[in-house]
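K.L.:
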DNA sequence: GATAAATTCATACGTATGTTTTAAATGCCG
DNA sequence: CGGCATTTAAAACATACGTATGAATTTATC
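Chains as they are written, first to last, in our numbering: chain A, 157 to 385; chain B, 157 to 385.
#1: For chain A, check one thing: does any of its Cβ atoms lie closer than 8 Å to the Cβ of residue 314(B)?
#2: Need the endpoints of the alpha helix (DSSP H) that residue 321(B) sits in, please.
#3: Less than 8 Å between the CB atoms is what I'm expecting for residue 323(A) and residue 250(A), so what's the real figure, rounded?
#4: Give every residue of the same chain whose Cβ lies closer than 8 Å to the Cβ of residue 382(A), excluding the five residues on either side of it in the sequence, and list them in chain order.
#5: For residue 384(A), decide whether its Cβ has a neighbour in chain B, counting only Cβ atoms nearer than 8 Å.
#6: Can you have a look at residue 328(B) and say buried or exposed, based on whether 16 or more other CB atoms are within 10 angstroms of its CB?
#7: Shorter than 8 Å from the beta carbon of residue 266(A) to some beta carbon of chain B?
#8: What in chain B is Cβ-close to residue 367(A), meaning under 7 Å?
#9: So the alpha helix (DSSP H) residue 216(B) belongs to, where does it begin and stop?
#10: Do residue 303(A) and residue 252(A) come within 8 Å of each other at the CB atom, strictly closer than that value?
#11: Name, please, each residue of chain A whose Cβ falls closer than 8 Å to the Cβ of residue 190(B).
#12: With a Cβ-Cβ cutoff of 8 Å, do residue 276(B) and residue 362(A) count as a contact?
#13: Give the residues of chain B in contact with residue 279(A), contact being defined as C-beta atoms less than 8 Å apart.
#14: By a C-beta neighbour count over all protein chains shown, 10 Å radius and 16 as the cutoff for buried, is residue 315(A) buried or exposed?
#15: Kindly indicate which three-state DSSP category residue 189(A) falls into: helix, strand or coil?
#16: Alpha helix (DSSP H) containing residue 181(A): first to last residue?
#17: Determine contact between the region 279-299 of chain A and the region 226-244 of chain A, defined as no fewer than three beta-carbon pairs at a distance below 8 Å.
#18: Kindly indicate if chain A contains any beta-carbon less than 8 Å away from that of residue 356(B).
#19: Tell me whether residue 352(A) is buried or exposed, calling it buried when 16 or more other Cβ atoms sit within 10 Å of its Cβ.
#20: May I have the straight-line CA-CA distance separating residue 367(A) from residue 311(A), to the nearest angstrom?
#21: Kindly indicate which three-state DSSP category residue 248(B) falls into: helix, strand or coil?
#22: Taking all protein chains shown into account, do 16 or more other C-beta atoms lie within 10 angstroms of the C-beta of residue 272(B), making it buried, or fewer, making it exposed?
#23: Between residue 205(B) and residue 173(B), is the Cβ-Cβ spacing less than 8 Å?
#24: Indicate whether at least one CB of chain A lies closer than 8 Å to the CB of residue 215(B).
#25: Taking the C-alpha atoms as reference points, what is the distance between residue 160(A) and residue 203(A)?
#26: Anyone know if the C-beta pair for residue 331(B) and residue 244(B) falls short of 8 Å?
#27: Let me know if residue 309(B) comes out buried or exposed under the rule of 16 or more other beta-carbons within 10 Å of its beta-carbon.
#28: Per DSSP, what kind of secondary structure is residue 363(B) in: helix, strand or coil?
Shown next as structure tokens:
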């Protein structure tokens, strides 16, 4: 770059872009929003995206990571707290599921636009997102699967993996419904719905396996990585 | 149209378009596929979409309806059969859920591309799809909610509605996972996974309500229609 | 207050978008 | 044969796309 340029507010441009991206990508999908519409909604120059994020794709990825980083950190923290307070005893399934879903519900309620974005783009993320998401989620999933294994020794781990996926589908569905309803926030109602969601997911996770396990051998085929315990 | 034109095969053009649309829209989303790419993949003239479907949007909608019509018809049929064989007794939850999920799993396994399309576009369908989908799904949902009410008199109907939505999220999640795995079809394994899914969903549906019900009063706000019982 | 770095700006580039319009070419039915 | 529906190729339509450029302007540092 040469010199020069005009900065109206110090660093709000990044945030304005992220907020507009969260809302618009959630409403119309990645390919449904052009840079013109996006930058105008953010009241920002067309070239600002390239300057602050490098490309539209990177902005999209950052829109996810900004929130998921805090969600996943909170998940890990709540699970650790619960684990500490249990003093060696295995956690209940409802407790584990609560640690998993509460932080997501929290962020979803505070940012309904993000809920919509997740529902729209998380089930089938564009290929360029895979790397970002894998890095962000893998360790968290590993942690919770471990806790579930200890809480449900009777359920084979591959079935736990399958069921955890189903539970994540459920929460996305709920997020979509909630975010498209739009009403005044009501802590009592929100707590009740979260409780319902936790109950639903925990119920499914803890139910006696429907299969002997051998027939399900490959719900997920073994991922071939170098370091694969 | 003037005159002229060349017809290679009698009426395969429609089908080739629908098949290519199912695959490509599932892989890249509605806005991620251009008419040029689509018609070339279908080995069909660029103008064929306009001729047979009128527009890209209509083709997209027809891609959904072609399969959902058979899925929903099969759902209704299986529920009716089960109801007849029960001779007045209320159906079990697992049976109802089986009637709901088996036809979808069937079609999903036979057409993995459609599974992908559903997972990508069903949670947050483009606005122009709403009308089509509502007309296709509303009566079926009403039917199954009725059956669930009879099977689970202890669970308030608004909670049933919520949970049914969660269950649909779970099956979409499963469809996505399955369709992205890709392996030789294995009837035993497929049956086992369907059983797992049914178990998961039925478990969640039948669990004792976590809330007293009043606090949840408006999971879905009352839809204001003219004819609203 | 000067100098340099960071940021914003307006604009332009090349390509792709969905749709429509030409025209001619083909198969089918009566 | 004459008419009809379908398919094709080719081109044009106006608009939108994501990104790059280089200067203008603001902020930071001395």
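Every residue gets a Cβ at the ideal spot worked out from N, C-alpha and C, and that includes glycine.
P.N.:
Inspection of the coordinates gives the following:
#1: It does not: the Cβ of residue 314(B) has no partner Cβ on chain A nearer than 8 Å.
#2: 313-337 is the span of the alpha helix (DSSP H), which, as asked, contains residue 321(B).
#3: Taking C-beta atoms under 8 Å as the contact rule, residue 323(A) and residue 250(A) fail to qualify, at a distance of about 12 Å.
#4: The pLDDT assigned to residue 382(A) is 40, lower than 50, so where the model puts this residue is not dependable; a value taken from the coordinates is nonetheless given after this. Exclusion of the five residues before and after residue 382(A) leaves no residue of its chain whose Cβ lies closer than 8 Å to its Cβ.
#5: Legend: pLDDT at residue 384(A) = 38, less than 50; position of this residue unreliable, value from coordinates given subsequently. Closer than 8 Å to the CB of residue 384(A) there is not a single CB belonging to chain B.
#6: Counting Cβ neighbours within 10 Å, residue 328(B) comes out buried, since at least 16 surround it.
#7: By this cut-off, residue 266(A) is not an interface position.
#8: Result: 348, 351 and 352.
#9: Residues 212-242.
#10: A contact, by the Cβ cut-off of 8 Å.
#11: The contacting residues do not exist; residue 190(B) stays about 10 Å from chain A at best.
#12: Not in contact: residue 276(B) and residue 362(A) (Cβ atoms no closer than 8 Å).
#13: Those within 8 Å of residue 279(A) in chain B are 275, 276, 279, 328, 329 and 332.
#14: Residue 315(A) comes out buried.
#15: Reduced to three states, the DSSP call for residue 189(A) is coil.
#16: Where residue 181(A) is concerned, the enclosing alpha helix (DSSP H) stretches over 168-184.
#17: When Cβ pairs closer than 8 Å are counted between the two stretches, the region 279-299 of chain A is seen to touch the region 226-244 of chain A, the count reaching three or more.
#18: Closer than 8 Å to some Cβ of chain A, the Cβ of residue 356(B) qualifies, so yes.
#19: Residue 352(A) sits buried, since 16 or more C-beta atoms from the chains shown fall within 10 Å of its C-beta.
#20: Each residue's alpha carbon lies about 10 Å from the other.
#21: Residue state, collapsed to three classes: coil.
#22: Per the 10 Å Cβ criterion, buried.
#23: Yes. Within cutoff.
#24: Not an interface residue.
#25: Here residue 160(A) scores only 35 on pLDDT, less than 50, and its place in the model should not be relied on; the value that follows carries that caveat. Cα to Cα, residue 160(A) sits roughly 15 Å from residue 203(A).
#26: No, these two residues do not count as a Cβ contact at 8 Å.
#27: Around the beta carbon of residue 309(B), a 10 Å sphere encloses fewer than 16 other beta carbons of the protein chains shown; the residue is thus reported as exposed.
#28: If DSSP states are grouped into helix, strand and coil, residue 363(B) belongs with coil.
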